[in-house]
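> Numbering (the working numbering), first residue to last: 64 to 291.
In this text, a Cβ means the ideal position worked out from N, Cα and C, and glycines have one as well.
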Ligand code: SAH
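1. Between the Cα of residue 279 and those of 262, 130, 125, spot the shortest distance and give me the residue it belongs to.
2. On a Cα-Cα basis, can you pick out the residue from 98, 91, 82 that is closest to residue 73?
3. When you measure from the CB of residue 116 to every non-hydrogen atom of ligand 1, does any distance come out below 7 Å?
4. Taking the continuous beta strand (DSSP E) assigned at residue 288, which residues delimit it?
5. Anyone know if the C-beta pair for residue 260 and residue 252 falls short of 8 Å?
6. Secondary structure at residue 135, three-state DSSP: helix, strand or coil?
7. With burial defined as no fewer than 16 other Cβ atoms inside 10 Å of the residue's Cβ, what is the status of residue 64: buried or exposed?
8. So does residue 154 have its beta carbon nearer than 7 Å to some heavy atom of ligand 1?
9. Is residue 260 helix, strand or coil by DSSP?
10. Can you list, in chain order, the residues of its chain with a C-beta nearer than 8 Å to that of residue 256? Leave out the 5 residues immediately preceding and following it.
11. Look at the alpha carbon of residue 135 and the alpha carbon of residue 223, and state the distance between them as a whole number of angstroms.
12. What I want to know is whether the C-beta of residue 199 ends up closer than 7 Å to one or more non-hydrogen atoms of ligand 1.
13. Should the region 153-171 be regarded as contacting the region 84-97, the criterion being three or more beta carbon pairs within less than 8 Å?
14. Going by C-alpha distance, which of 213, 116, 132 is nearest residue 87?
15. DSSP state of residue 184, grouped into three classes?
16. Sort out for me which residues DSSP pairs residue 208 with in a bridge.
17. Note the first and the last residue of the continuous alpha helix (DSSP H) segment covering residue 239.
18. According to DSSP, simplified to helix, strand and coil, what is residue 82?
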């Protein structure tokens with residue numbers, strides 16, 4: 064079942080990211096190999112699914128992130144089984160699926176699974192992502208919620224990990240509040256709409272974030288109350 068053309072293209076891409084040092088851990092490698100990216104790209108973009116590039120999601124002006132960016136963020140997040148994760152910016156659902164593979168691996172019994180709560184502000188994309196996640200078997204591991212992700216999702220807080228997949232002018236205060244002590248957030252931050260620095264923050268006992276910059280990135284802008 065796995066040895067089809069798509070799987071082979073995926074192995075090739077992931078091997079390249081490994082040789083470039085982008086994929087560092089066997090766990091991130093496994094998650095990228097498990098998720099069929101061609102099921103998450105816009106249908107007209109299917110033949111480009113295993114090019115390492117962001118691809119447009121229909122006419123929405125939004126994009127599915129490049130695979131190397133998903134790998135970089137997942138390495139920084141230090142994911143593991145049982146973690147509760149919040150994502151702002153579901154898009155296609157692809158990144159959420161890779162995170163679900165790490166926090167809720169099928170090799171473990173359900174009691175030991177974590178969960179991914181993913182927030183999307185564009186109705187059509189929330190629907191698109193739900194369909195993709197359902198077709199590929201992630202429904203019980205990822206919840207897609209149509210909501211302004213800059214406000215977080217207090218109903219299921221706190222979270223061990225938070226990832227934001229759109230560029231924000233600053234860290235939205237509700238996301239800091241909804242992060243557990245010792246929890247980690249990864250977010251592209253920047254004074255310009257289309258260029259950001261990828262920032263990692265760890266919440267300390269005093270409730271503050273200790274942050275460090277991890278280099279330049281380019282995401283679509285975060286909208287909503289604490290977005291642009
Ligand atoms: N993680 C996605 C790619 C995200 S692109 C994937 O794997 O495909 C950024 C996404 O963030 C877009 O879908 C955009 O609509 C969404 N977005 C932008 N501002 C948002 C907000 N305030 N709340 C929730 N989603 C937002």
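This is what the structure gives:
1. Comparing Cα positions, the closest option is 262.
2. Comparing alpha-carbon positions, the option among 98, 91, 82 lying closest to residue 73 turns out to be 98.
3. No; taking the cut-off as 7 Å, the Cβ of residue 116 has no heavy atom of ligand 1 nearer than that.
4. In the DSSP annotation of this structure, residue 288 is not part of any beta strand (DSSP E), being labelled neither H nor E.
5. In this structure, residue 252 lies closer than 8 Å to residue 260 by Cβ.
6. Here residue 135 sits in helix by DSSP.
7. Note that residue 64 scores a pLDDT of 49, beneath 50, so its modelled location is shaky; the value from the coordinates is reported in the next line. That one is exposed.
8. Flag set: Cβ of residue 154 near ligand 1.
9. In the displayed model, residue 260 falls within a strand according to three-state DSSP.
10. Correct list, in chain order: 230, 284, 291.
11. C-alpha separation (whole angstroms): 18 Å.
12. No, since every heavy atom of ligand 1 falls outside the 7 Å radius drawn around the Cβ of residue 199.
13. Between the region 153-171 and the region 84-97, the count of Cβ pairs shorter than 8 Å is three or higher; the stretches touch.
14. Distance check between residue 87 and each of 213, 116, 132 places 132 closest, using alpha-carbon atoms only.
15. In the structure shown, residue 184 sits in coil (DSSP, three-state: anything other than H, G, I, E or B).
16. Its beta-bridge partners are 182.
17. DSSP places residue 239 in the uninterrupted alpha helix (DSSP H) bounded by 236-240.
18. In the structure shown, residue 82 sits in a helix (DSSP, three-state: H, G or I).
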